[in-house]
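K.L.:
Going by the working numbering, the first residue of the sequence shown is number 7, and it counts up by one from there.
Glycine is no exception: its CB is placed at the ideal position from the N, C-alpha and C atoms.
Input: one structure, supplied below.
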Amino acid sequence: MQATAGDCEGVEMMKDETLAKTDQEVIAEAKEAHAKAEKAEDRASPSRWIEADCYAELAKRGWKQQKIAEDCGVSQPSVSYFIRCTELYHLGDKRPSFWTAYQEAKTGKTTAERIVASNENEWYTPAKYVEAARLVLRSIDLDPASCKRANKIVQAKAIYTADDDSLHQPWTGRLWLNPPYGRLAGEFIQRLVLEYEAGDIKAAVALVNAHCTDTAWFQPLWDYALCFTDHRIDFDSGGREKTTTSTHGSVFAYLGPDTNKFKAAFAEFGAVVRRVK
Ligand SMILES: C[S@@+](CC[C@H](N)C(=O)[O-])C[C@H]1O[C@@H](n2cnc3c(N)ncnc32)[C@H](O)[C@@H]1O
């Protein structure tokens, strides 16, 4: 048996001879991988995949999860989630970091689905970025994707919240936009570009994930000035305990007449670029 662990290169993997191992040897291998992972491993956690494959192998041999847990010195729910990870990502597949799979196993949702889940939209922009946008826009008339808490920092004259369903409301003036994640991000950005180009919106600064640059909805933004951050923004979790943080850089897009002002205000956050024509 050969495990491929995606980004887990350079680690000892389960070998073909695993099948020939006795149950006790598989348990010993699981324990060794568990101890290794507990000691010092980054989030890619290659040993966790080995541990999970051992539990799956024992389950295949007819072991009950409770018995696996007892003999390997871990909890039964852990065994259950670990086995679920091996079902989501089979041996031989290109596997993600173990903890990505573990979150999916635990929540029953893919990472993308978790991001779309409502409370994962509640990530607010730290003040220094909003202040830079305010400098460029002079004032913020509308934040079309917001809530009461976020607007303490943004201080837009008007906001739309999830309850208002912004996509069916009028957008005008000078906008700050950090849209909800997932599918809605594209719909918000498409609308922003359409309405700016139609003249309904005077100017706007939008903030999106830098991993979206290959999407269809991002392409029109290449016609505008962009700032790619040279760091990951530490978004405000709105008072919730932080269990995650940005996994990507971000991009600010400026739709407006004063590109030099945008460059001056955002250069401290990363490279400000424009398409070469
Ligand atoms: C990523 S947060 C950004 C908040 C704020 N604009 C900022 O920059 O700090 C996106 C916000 O949009 C809200 N939202 C989600 N769906 C929405 C919708 N259909 N219309 C308006 N707001 C929505 C979320 O509740 C969340 O507060």
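#1: Is any heavy atom in ligand 1 found nearer than 7 Å to the beta carbon of C153?
#2: Have a look at P150 and C60 and give me their C-alpha separation to the nearest angstrom.
#3: Classify R238: buried if its beta carbon has 16 or more other beta carbons within 10 angstroms, exposed otherwise.
#4: Can you list, in chain order, the residues of its chain whose CB lies under 7 Å from that of K42, leaving out five sequence neighbours each side?
#5: Please find out if some non-hydrogen atom of ligand 1 comes closer than 7 Å to the beta-carbon of E137.
#6: For a test of the three-state rule: what should DSSP assign to I207, helix, strand or coil?
#7: Please confirm if the stretch 202–220 is in contact with the stretch 82–98, defined as three or more CB-CB distances below 8 Å between the two stretches.
#8: Under 7 Å: does the beta carbon of E201 sit that close to some heavy atom of ligand 1?
#9: From A216, E57, S51, A162, pick the residue whose C-alpha is nearest to that of G79; which is it?
#10: In the DSSP assignment, find the unbroken beta strand (DSSP E) run with P150 in it and report its ends.
#11: Here's the rule: buried if 16 or more other CB atoms are within 10 angstroms of the residue's CB, otherwise exposed. What is R155?
#12: Excluding the five sequence neighbours on either side, which residues of its own chain have a C-beta within less than 8 Å of the C-beta of T235, listed in chain order?
#13: Enumerate in chain order the residues of its own chain whose CB-to-CB distance from F272 is below 7 Å, with the five nearest sequence positions on each side excluded.
#14: Would you decide whether T92 is buried or exposed? Buried here means 16 or more other CB atoms lie within 10 Å of its CB.
#15: Leaving out five residues before and five after D77 in sequence, what residues of the same chain have Cβ atoms less than 7 Å from its Cβ?
#16: Would the beta-carbon of A162 fall within 8 Å of that of D147?
#17: By how many angstroms is the C-alpha of P83 removed from the C-alpha of R140?
#18: Answer with buried or exposed for Q72, where buried requires no fewer than 16 other C-beta atoms within 10 angstroms of its C-beta.
#19: Quick one: which unbroken alpha helix (DSSP H) runs of 4-plus residues sit fully inside the stretch 219–281? Chain order, please.
#20: According to DSSP, what are the bridge partners of I165?
#21: Would you decide whether A123 is buried or exposed? Buried here means 16 or more other CB atoms lie within 10 Å of its CB.
#22: Does the beta carbon of W55 fall short of 7 Å from some heavy atom of ligand 2?
P.N.:
According to the data block:
#1: yes
#2: 50 Å
#3: exposed
#4: S53
#5: no
#6: strand
#7: no
#8: no
#9: E57
#10: 148–152
#11: exposed
#12: A216, G255, S256, V257, F258, F275, G276
#13: A138, C233, F258, V278
#14: buried
#15: I33
#16: yes
#17: 49 Å
#18: exposed
#19: 265–272
#20: D149
#21: Any reading at A123 must be qualified, since the residue scores a pLDDT of 49, below 50, and its modelled position is unreliable; the value itself is stated next. A123 comes out exposed.
#22: Among the ligands in the structure shown, ligand 2 does not appear; only ligand 1 can be found there.
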